[in-house]
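S.K.: Take a look at this one; I'll ask things after.
There are 2 protein chains.
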Amino acid sequence: MVRPGGRSARVQASVHTAVRELAAEVGRDALTVPMIAQRAGVTPSTIYRRWGDLQELLSDVAVERLRPDTAPRDHGALPADLTAWAEQFLDEMSSASGRAYIRDALLGDPDGGNAGQCSAYAAEQIDVILNRATERGEETPGVETVMDRVVSPLMYRILFRPDGLDAAYARGLVTGLLDPTGRWPGKAA
Amino acid sequence: MVRPGGRSARVQASVHTAVRELAAEVGRDALTVPMIAQRAGVTPSTIYRRWGDLQELLSDVAVERLRPDTAPRDHGALPADLTAWAEQFLDEMSSASGRAYIRDALLGDPDGGNAGQCSAYAAEQIDVILNRATERGEETPGVETVMDRVVSPLMYRILFRPDGLDAAYARGLVTGLLDPTGRWPGKAA
DNA sequence: ACGCTAGACGCAATGAATTTGCTTTAAAGT
DNA sequence: ACTTTAAAGCAAATTCATTGCGTCTAGCGT
Chain A
105 MVRPGGRSAR VQASVHTAVR ELAAEVGRDA LTVPMIAQRA GVTPSTIYRR
155 WGDLQELLSD VAVERLRPDT APRDHGALPA DLTAWAEQFL DEMSSASGRA
205 YIRDALLGDP DGGNAGQCSA YAAEQIDVIL NRATERGEET PGVETVMDRV
255 VSPLMYRILF RPDGLDAAYA RGLVTGLLDP TGRWPGKAA
Chain B
105 MVRPGGRSAR VQASVHTAVR ELAAEVGRDA LTVPMIAQRA GVTPSTIYRR
155 WGDLQELLSD VAVERLRPDT APRDHGALPA DLTAWAEQFL DEMSSASGRA
205 YIRDALLGDP DGGNAGQCSA YAAEQIDVIL NRATERGEET PGVETVMDRV
255 VSPLMYRILF RPDGLDAAYA RGLVTGLLDP TGRWPGKAA
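Protein sequences appear in the order of chains A and B. Per the numbering used here, the very first residue in the first sequence carries number 105; after that it's consecutive. Per the numbering used here, the very first residue in the second sequence carries number 105; after that it's consecutive.
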């Protein structure tokens, strides 16, 4: 159990900032536990005891950075809200650092709790958007549907096929979900 | 560059089998490079020089195991083909070992080549199914659409939300893609 | 307010893994 | 067959991960 305050909290904070600083300075792949420990002013054994290994520590830091810091902007209509959110999501997640954070969050994650947290963050944001739309009287799909039709394809491509991924693709996913005039998008896509 | 034949090929093969054997014997998490080297009859430095680190080696082996060994079965109609394939895909990938392989493939993958290969395997299988359907005269979505609507949601949930994932969910994805009678599935889902 | 207790940290020693310079082997090209 | 050169073997040196033990302090009860 991690104690909420006092020295434990200071250690946790200084280790986390050490990770972020060093990741920016020497690159994420060059990080080592002793290096982080020295920057944070603690001994390596403290980190090993508390986090187990480097990957779990990185996973911890990654989840913190993947937490959205602000509610999604209100554009006055569901399509605009969802499109803007999807574009921003793609933009943040598909960057080199974003992908590294996602991978770290997935990686050092014995029980799957950290990855589930990431997914919960996205679901929360979408829920806010859908609730606003419902209050306006708009008809909306369920959160799970948006997760399946928008978030999943974005994340899949970010992880497995990072090439040729742009805002137009994100917009197309939202459009396909909200305006199903044609049955399927063109096969050429 | 890896030489295609002779000693290099023998080393590669013996290292790969050593990884598989030892993973089965002592568990994937207990693997170490020196252990693998000894079993394979090579020196650790050989592995480090060729693969860089344990994760890249595991990623290599994982991709090999994720390659489908057989063409998808022909059930005579697109919905049955896709449903059966999706159920089998989910079954294989959501098992403990399947998830471990996916994570390994994603992890030790600096350039994204291994992950792209996994995605290509799925796309290949789907392409076979769609081509058969087209030859039968059935109307089919494009490969990319199936990837977005079926493969992506399955993989996203396997990675981020492994709970409450069953064959019914996989069937629902295929149904939603092929029979869009209702606009969206129920919000309760 | 004061001491008690348990969890967390520092220190140091131990053992294992990684890295590296140099030599030797054996594919691939001529 | 000879030359070239990438890859493997070997061994030393470095770095990292792990663990036992003593100390400190946050949280708690009195």
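Using N, Cα and C, we set each Cβ at its ideal position, and we do this for glycine too.
Nearest to L158 of chain A by alpha carbon, out of A:V278, A:L170, A:G212?
M.R.: Counted from its first residue, the first sequence places residue 158 of chain A at position 54. Of A:V278, A:L170, A:G212, the residue nearest in Cα terms is A:G212.
S.K.: Can you give the Cα-Cα distance for R124 of chain B and C222 of chain B, rounded to whole angstroms?
M.R.: Sequence index remark: in the second sequence, residue 124 of chain B carries index 20 (1-based). Sequence index remark: in the second sequence, residue 222 of chain B carries index 118 (1-based). Looking at the two C-alpha atoms, the distance is approximately 19 Å.
S.K.: Looking at G290 of chain A and G202 of chain B, is the spacing between their C-beta atoms short of 8 Å?
M.R.: By one-based count along the second sequence, residue 202 of chain B stands at place 98. By one-based count along the first sequence, residue 290 of chain A stands at place 186. No, the Cβ-Cβ distance between G202 of chain B and G290 of chain A is not below 8 Å.
S.K.: Could you tell me which of A:P176, A:A117, A:A134, A:S199 sits nearest to V165 of chain A, measuring between CA atoms?
M.R.: Residue 165 of chain A sits at position 61 when you count from the first residue of the first sequence. Comparing Cα positions, the closest option is A:A117.
S.K.: Please classify H120 of chain A: does DSSP put it in a helix, a strand, or coil?
M.R.: As a working mapping, residue 120 of chain A is identified with position 16 in the first sequence. H120 of chain A falls in the helix class under three-state DSSP.
S.K.: I believe R253 of chain A touches L281 of chain A by the beta-carbon criterion, under 8 Å. Please report the beta-carbon distance rounded to the nearest angstrom.
M.R.: What you label residue 253 of chain A is simply residue 149 of the first sequence in a count that begins at 1. What you label residue 281 of chain A is simply residue 177 of the first sequence in a count that begins at 1. 5 Å between Cβ atoms; contact.
S.K.: Does P284 of chain B get closer than 8 Å to chain A when you measure Cβ to Cβ?
M.R.: In the second sequence, residue 284 of chain B corresponds to position 180, counting from 1. P284 of chain B counts as touching chain A.
S.K.: With burial defined as no fewer than 16 other Cβ atoms inside 10 Å of the residue's Cβ, what is the status of V167 of chain A: buried or exposed?
M.R.: If you number the first sequence from 1, residue 167 of chain A lands on position 63. The residue is buried, with at least 16 neighbouring Cβ atoms inside 10 Å.
S.K.: Short of 8 Å Cβ to Cβ, which residues in the stretch 202 to 222 of chain A face chain B?
M.R.: For the stretch 202 to 222 of chain A, which is checked against every Cβ of chain B, the residues closer than 8 Å are R207, L210, L211, G216, A219, G220, C222.
S.K.: Considering only residues of the same chain and omitting the five flanking positions on each side of R261 of chain B, which have a CB-CB separation below 7 Å?
M.R.: Stepping through the second sequence from its first residue, residue 261 of chain B is reached at position 157. The residues are L269.
S.K.: Would E196 of chain B pass as an interface residue toward chain A - the criterion being a Cβ-Cβ separation below 8 Å?
M.R.: Working through the second sequence from its first residue, we reach residue 196 of chain B at position 92. So, not an interface residue.
S.K.: For R275 of chain B, does the three-state DSSP call read helix, strand or coil?
M.R.: Position 171 of the second sequence, counting from 1, holds the residue named residue 275 of chain B. R275 of chain B: helix per DSSP, three-state reduction.
S.K.: Grab me the residues of M139 of chain A's own chain with a C-beta within less than 7 Å of its C-beta, minus the 5 sequence neighbours each way, in chain order.
M.R.: Start at 1 with the first residue of the first sequence, and residue 139 of chain A comes out as number 35. The answer, listed in chain order, is L126.
S.K.: A190 of chain B and R177 of chain B: beta carbons closer than 8 Å?
M.R.: In the second sequence, the residue the question calls residue 190 of chain B occupies position 86. In the second sequence, the residue the question calls residue 177 of chain B occupies position 73. No, the pair does not count as a contact, with Cβ atoms beyond the cut-off.
S.K.: Would you report the Cα separation of E242 of chain A and E248 of chain B, rounded to the nearest angstrom?
M.R.: Mapped onto the first sequence, residue 242 of chain A falls at position 138. Mapped onto the second sequence, residue 248 of chain B falls at position 144. Using only the alpha carbons, I get a separation of about 29 Å.
S.K.: Quick one: complete alpha helix (DSSP H) runs, 4+ long, within the stretch 235 to 278 of chain B?
M.R.: Complete alpha helix (DSSP H) runs here, min 4: 247 to 250, 256 to 264.
S.K.: When burial is assigned at 16 or more other CB atoms within 10 Å of the CB, is T244 of chain B buried or exposed?
M.R.: The residue labelled residue 244 of chain B in the question sits at position 140 within the second sequence. Label assigned to T244 of chain B: buried.
S.K.: With distance defined between alpha-carbon atoms, name the residue in A:R132, A:A134, A:I233, A:P183 nearest to T174 of chain A.
M.R.: Reading the first sequence from its first residue, position 70 is the one you call residue 174 of chain A. Nearest C-alpha to T174 of chain A: A:I233.
S.K.: Name the chain A residues that come within less than 7 Å of D164 of chain B, Cβ to Cβ?
M.R.: Locating residue 164 of chain B in the second sequence gives position 60, where the first residue counts as 1. Result: empty, since nearest Cβ-Cβ is about 16 Å, beyond 7 Å.
S.K.: Does F193 of chain B have its Cβ less than 8 Å from a Cβ in chain A?
M.R.: To locate residue 193 of chain B, count along the second sequence from 1; it is residue 89. No, F193 of chain B does not count as interfacial toward chain A.
S.K.: Closest by CA to P172 of chain A, which one among A:S163, A:A224, A:D215, A:A141?
M.R.: Taking the first sequence and counting its residues from 1, the one referred to as residue 172 of chain A is at position 68. With distances taken between Cα atoms, P172 of chain A lies closest to A:A224.
S.K.: Is there at least one Cβ from chain A nearer than 8 Å to P172 of chain B's Cβ?
M.R.: Locating residue 172 of chain B in the second sequence gives position 68, where the first residue counts as 1. Chain A, which has no Cβ nearer than 8 Å to the Cβ of P172 of chain B, makes this no.
S.K.: Please name the residue in B:P266, B:R287, B:A272, B:Y152 whose C-alpha comes closest to that of A200 of chain B.
M.R.: By one-based count along the second sequence, residue 200 of chain B stands at place 96. A200 of chain B has its Cα closest to that of B:P266, out of B:P266, B:R287, B:A272, B:Y152.
S.K.: Could you list which residues in chain A have their beta carbon closer than 7 Å to that of P266 of chain B, in chain order?
M.R.: In the second sequence, the residue the question calls residue 266 of chain B occupies position 162. Those within 7 Å of P266 of chain B in chain A are G216.
S.K.: Going along chain A, which residues have a C-beta under 9 Å from P245 of chain B?
M.R.: Within the second sequence, the letter at position 141 stands for residue 245 of chain B. Under the 9 Å cutoff, chain A gives R287, W288, P289, K291.
S.K.: Rounded to a whole number of angstroms, what is the C-alpha to C-alpha distance between A209 of chain A and G156 of chain A?
M.R.: Along the first sequence, one-based indexing puts residue 209 of chain A at 105. Along the first sequence, one-based indexing puts residue 156 of chain A at 52. Cα-Cα distance, rounded: 15 Å.
S.K.: For the alpha helix (DSSP H) containing V137 of chain B, list its first residue and its last residue.
M.R.: Working through the second sequence from its first residue, we reach residue 137 of chain B at position 33. 137 to 144 is the span of the alpha helix (DSSP H), which, as asked, contains V137 of chain B.
S.K.: Would R287 of chain A be called buried (16 or more neighbouring beta carbons within 10 Å of its own) or exposed?
M.R.: The residue given as residue 287 of chain A occupies position 183 in the first sequence. With fewer than 16 other Cβ atoms within 10 Å, it is exposed.
S.K.: Can you pull the chain A residues whose beta carbon is under 7 Å from the beta carbon of S308 of chain B, in chain order?
M.R.: The requested residue 308 of chain B is not part of the displayed model; chain B covers only 105 to 293.
S.K.: Please report whether the beta-carbon of S112 of chain A lies at a distance below 8 Å from any beta-carbon of chain B.
M.R.: Here residue 112 of chain A refers to the residue found at position 8 when the first sequence is read from its first residue. Output row for S112 of chain A: interface = no.
S.K.: State the start and end residues of the unbroken alpha helix (DSSP H) segment that holds W189 of chain B.
M.R.: Indexing the second sequence from 1 puts residue 189 of chain B at position 85. First-last of the alpha helix (DSSP H) with W189 of chain B: 182 to 198.
S.K.: Answer with buried or exposed for V296 of chain B, where buried requires no fewer than 16 other C-beta atoms within 10 angstroms of its C-beta.
M.R.: For chain B, the structure presents residues 105 to 293; residue 296 of chain B sits outside this window and is missing.
S.K.: For a quick check, are the C-beta atoms of L258 of chain A and A274 of chain A less than 8 Å apart?
M.R.: Position 154 of the first sequence, counted from the first residue, corresponds to residue 258 of chain A. Position 170 of the first sequence, counted from the first residue, corresponds to residue 274 of chain A. Going by C-beta atoms, L258 of chain A is nearer than 8 Å to A274 of chain A.
S.K.: Can you give the Cα-Cα distance for L182 of chain A and S198 of chain A, rounded to whole angstroms?
M.R.: Taking the first residue of the first sequence as position 1, residue 182 of chain A is located at position 78. Taking the first residue of the first sequence as position 1, residue 198 of chain A is located at position 94. Taking the straight line from one Cα to the other gives about 24 Å.
S.K.: Out of B:G180, B:A204, B:V250, which one is the CA nearest neighbour of D231 of chain B?
M.R.: To locate residue 231 of chain B, count along the second sequence from 1; it is residue 127. Considering only alpha carbons, the answer is B:V250.
S.K.: For a contact defined as C-beta to C-beta under 7 Å, what are the partners of L263 of chain A on chain B?
M.R.: Position 159 of the first sequence, counted from the first residue, corresponds to residue 263 of chain A. What L263 of chain A touches in chain B: L210, A219.
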